[in-house]
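Undergrad: Dropping the structure in here first, questions after.
Structure (structure tokens):
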């Protein structure tokens, strides 16, 4: 990609942009798909709704994208939230049990009626999100007010969260047959409905962080929380806010994931997605040490992760073996972002200006 | 009173460690008081037998955490070790060579991750995460299914009983079988002793302590002091890779099979037990010996939950999470105190603030314990009122002799189903002429199906699901509350083979589950008379 480089001002601004590396990675993967997987880019029109591998990347990536929005803000304050996967499971369990409480009676009867629900949909969604927000508040409290390292504080909920989720569902998989609920993850209005959810959350977050001072506060806390404290920013409240928001995002992601598989599976919903979300943010170029962040770059990072998954499935790599390939990609990204390689690229572009390199 | 205060002030470093040890012993004491079964010395030694891999891995993890890093790859390396050793043994490689290769593989994986962390300045969290995914993914490139280990030397290593000298006579005189431990336990303890020596009495150990702590600033000072920081970190990660592989081997000796899904979430257990052992997650403070007690707390918790019986297995996770929280709370308070002491101008306000923090930490801890205890009591109460028989753990006993008698009596298949929510114990016999009988000890039922159906089922099980091959083997774990344990004995075409299995686990071979699905529809239902 460096070969066609012309020593121009515009090229420089492009490479310096935070979106450059994630977009480059995404386009490389899509190029790979274009060459090796026939029909990857075909988009069908079924009853006015668009279907196809490209759409699937967006649809299946929506949970990771939702998580990445919250995670970007948390990482920007210099923390990390490991519990998002467990919070997803908790939110899904609450939603499942409110719609189909049969599991609580230690008996499993299969509700097949698609109009049956124990509680109305708005109660289900609001209570699941409230529980998720509560989980986020708990993390934020531990990090901001108890001064526990973020990784450790959220590790606690990561360990016990799945236990709590199983406690809620009595250790059973709760079948969800209520049709309006399954619209969250499986509905289509020209594009998948979950994409609209992502777009709305992203738009609200973008507006809050870029059009108000909150975004600047978050970056300032991440860069140096002590000096931001002295300049009058209540860093504790900011931390509490971002962890709570991350819990909220995880709650939405849990609802989307459970409605996608029509089951509330406390054991498997959101398993290892916290890692996907963190990697999406890291690929997006937000430093794990905190500081400047870019929501859009994180979204592209999430799409990179999902595009890899999708294209590996299309080639026919088994689901479990996929992890090894993800690991290789992560290692490549790490090397790409390392000081040595950055210095190397910088060295090329400065010393060999004008020379075809 | 003053003396006690002085004692605590002098040994403040040991407080977390001592409280963990105290907790483990108290929990065991309460368990022994409540449950007669827990007084059996074998139950105590089983705590070590069931956690030897946790202890081995915890020792390596303690060193990594002392340097201020973390290693998430352990569970992946454990799974990879089980799978690759199982496959290599199946292909007939020398078992000693396999063990050496596995240890080498673990060390090289650790070394590569260490290299990434040191040379490329990657966060340990990310580098080892990639390591875990890589190892887990590789498992499924090697083998999709669980592979059974059927090797003489592995059998000797895993199943040799080492009797405890003093206790043997005692328990024999009480009419119990002599308590024993296994070779992996001995290996774990040897490793523990060696590492206690290395961390406390060698320059390598002192360097490990010097690197960790104070958010990376201590690493800077260690470097300025001329300590070999990079080399030590590299060695620590390599050693942890070695420990992971050793833990994997120990796990593999215990379950005698290998699969890529083994040990899910193992790294969390390891980290939790290191933290409960009093090691600071920021590094620089803690003891390898503490990890031993951390592991013990985890083992006792698991044993207690098993003995209580009415609590499901996920309570282990919640209790471990709560305990981790409490220990981290204590650590944070201690750390705040220490840094407060260094601040000469600690004002009254700061002291009051610290007090509030302390109270908050204690309050949160107490609240959590109360909530957990309250919920558990209310739950065990409600379970007891719904179904009294389930609150007592089922005794699973496979009646293999009875099954043999049935086969002698002309049956082609004997099938026993034990445990489950109602704690049943049913024995079915299937005869070639289509007659099926079943009994649960009290009631007897009989059912007639066509001989063709029986023949069809037998063919399906023995040919399609490969009953008479090595694919089907004995697995047994204590079943969960909803789960059944099964024993199937088949005599077909002059061959006879029986195998046990428990559902709800990944250890059961897939063919076994298919065979159960074939048998299930034919069986008559035993309805207990009111």
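Chains as they are written, first to last, in our numbering: chain X, 1 to 357; chain W, 1 to 530. Beta carbons are placed, not taken as given, at the ideal position from N, Cα and C, and that holds for glycine.
Looking at the unbroken alpha helix (DSSP H) that takes in residue 18(W), where does it start and where does it end?
TA: 15-34
Undergrad: Taking Cβ positions, are residue 131(X) and residue 90(X) nearer each other than 9 Å?
TA: yes
Undergrad: Using Cβ-Cβ distances below 7 Å, what residues of the region 80-92 of chain W are close to chain X?
TA: Within the region 80-92 of chain W, no residue has a Cβ that lies closer than 7 Å to any Cβ of chain X.
Undergrad: Going by beta carbon distance, what residues of the same chain come within less than 8 Å of residue 55(X), once the five residues before and after it are set aside?
TA: For residue 55(X), same chain residues with a beta-carbon under 8 Å away, outside a window of 5 residues either side, are 43, 191, 192 in chain order.
Undergrad: Label residue 1(X) either buried or exposed according to how many other C-beta atoms from any shown protein chain fall within 10 Å of its C-beta, with 16 as the threshold for buried.
TA: At residue 1(X) the pLDDT is 44, less than 50, meaning the model places this residue with poor confidence; the figure from the coordinates comes in the next sentence. The residue is exposed, with fewer than 16 neighbouring Cβ atoms inside 10 Å.
Undergrad: Put residue 535(W) into one of helix, strand or coil per three-state DSSP.
TA: Since the first residue shown for chain W is 1 and the last is 530, residue 535(W) is missing from the structure and cannot be characterised.
Undergrad: With C-beta atoms as the reference, is residue 242(X) less than 9 Å away from residue 74(X)?
TA: yes
Undergrad: Report the option in 321(W), 300(W), 207(W) whose CA atom is closest to the CA atom of residue 152(X).
TA: 321(W)
Undergrad: With DSSP collapsed to three states, give me the class of residue 49(X).
TA: strand
Undergrad: From residue 75(W) to residue 217(W), what distance separates their C-alpha atoms?
TA: 30 Å
Undergrad: Sorted by chain position, which residues of the same chain lie with C-beta nearer than 7 Å to residue 299(W)'s C-beta, five sequence neighbours on each side aside?
TA: 47, 50, 51
Undergrad: Compile a chain-ordered list of the residues in the region 304-318 of chain W whose CB is closer than 9 Å to at least one CB of chain X.
TA: 312, 313, 314, 315, 316, 317, 318
Undergrad: Is the number of C-beta pairs between the region 108-118 of chain W and the region 163-175 of chain W that are closer than 8 Å three or more?
TA: no
Undergrad: Could you tell me which chain X residues have their CB closer than 8 Å to the CB of residue 282(W), listed as they occur along the chain?
TA: 149
Undergrad: Quick one: is residue 388(W) near chain X, going by C-beta distance under 9 Å?
TA: Confidence in residue 388(W) is poor, its pLDDT being 35 and thus under 50, which makes the residue's placement too unreliable to answer from.
Undergrad: Pop quiz: residue 403(W) and residue 414(W) are said to be a contact at Cβ under 8 Å. What is the actual Cβ separation, rounded to whole angstroms?
TA: Indeed, because the Cβ distance is near 4 Å, the residues count as touching under 8 Å.
Undergrad: Give the straight-line distance between the Cα atoms of residue 191(W) and residue 56(W), rounded to the nearest whole angstrom.
TA: Rounded to whole angstroms, the separation of the alpha carbons of residue 56(W) and residue 191(W) is 7 Å.
Undergrad: Determine whether the Cβ of residue 123(W) lies closer than 9 Å to any Cβ atom of chain X.
TA: yes
Undergrad: Return the residue from the list 94(W), 319(W), 260(W) that minimises the CA-CA distance to residue 153(W).
TA: 94(W)
Undergrad: Could you tell me which uninterrupted alpha helix (DSSP H) segments, each at least 4 residues in length, are contained entirely in the region 110-151 of chain W, listed from first to last along the chain?
TA: 124-142
Undergrad: Check each candidate in 330(W), 511(W), 466(W), 53(W) and name the one with the smallest Cα separation from residue 532(W).
TA: Limits of chain W in this structure are 1 at one end and 530 at the other, which puts residue 532(W) out of reach.
Undergrad: What's the C-alpha gap between residue 14(W) and residue 201(W)?
TA: 18 Å
Undergrad: Using the Cα positions of residue 364(X) and residue 117(X), report the straight-line distance between them to the nearest angstrom.
TA: Look at the range of chain X in this structure, 1 to 357, and you will see that residue 364(X) is not part of it.
Undergrad: Find the residues of chain X that neighbour residue 260(W), judging by a C-beta separation of less than 7 Å, and give them in chain order.
TA: 320
Undergrad: Rounded to a whole number of angstroms, what is the C-alpha to C-alpha distance between residue 521(W) and residue 454(W)?
TA: 11 Å
Undergrad: Of all the residues that make up the region 137-157 of chain W, which are near chain X by a beta-carbon distance shorter than 8 Å?
TA: 137, 138, 139, 140, 141, 144
Undergrad: With 9 Å as the threshold, decide whether the Cβ of residue 134(W) is near any Cβ in chain X.
TA: yes
Undergrad: What in chain W is Cβ-close to residue 282(X), meaning under 8 Å?
TA: Using a Cβ-Cβ cut-off of 8 Å, residue 282(X) is close to 126 of chain W, given in chain order.
Undergrad: What did DSSP end up calling residue 138(X) once you bin it into helix, strand or coil?
TA: helix
Undergrad: Please list the partners that residue 325(W) has in chain X, where partner means a Cβ-to-Cβ separation under 7 Å.
TA: 156
Undergrad: Closer than 9 Å between beta carbons: that is the criterion. Which residues of the region 223-235 of chain W meet it against chain X?
TA: none
Undergrad: Could you give the first and the last residue of the continuous alpha helix (DSSP H) run that contains residue 171(W)?
TA: 165-173
Undergrad: Between residue 64(W) and chain X, is the shortest Cβ-Cβ distance under 9 Å, so that the two count as touching?
TA: no
Undergrad: Would you report the Cα separation of residue 285(X) and residue 515(W), rounded to the nearest angstrom?
TA: 52 Å
Undergrad: So what does DSSP say about residue 419(W), is it helix, strand or coil?
TA: strand
Undergrad: Please identify, using Cβ separations under 9 Å, the residues of the region 97-125 of chain W that lie next to chain X, in order along the chain.
TA: Residues passing the 9 Å Cβ filter: 116, 119, 120, 121, 122, 123, 125.
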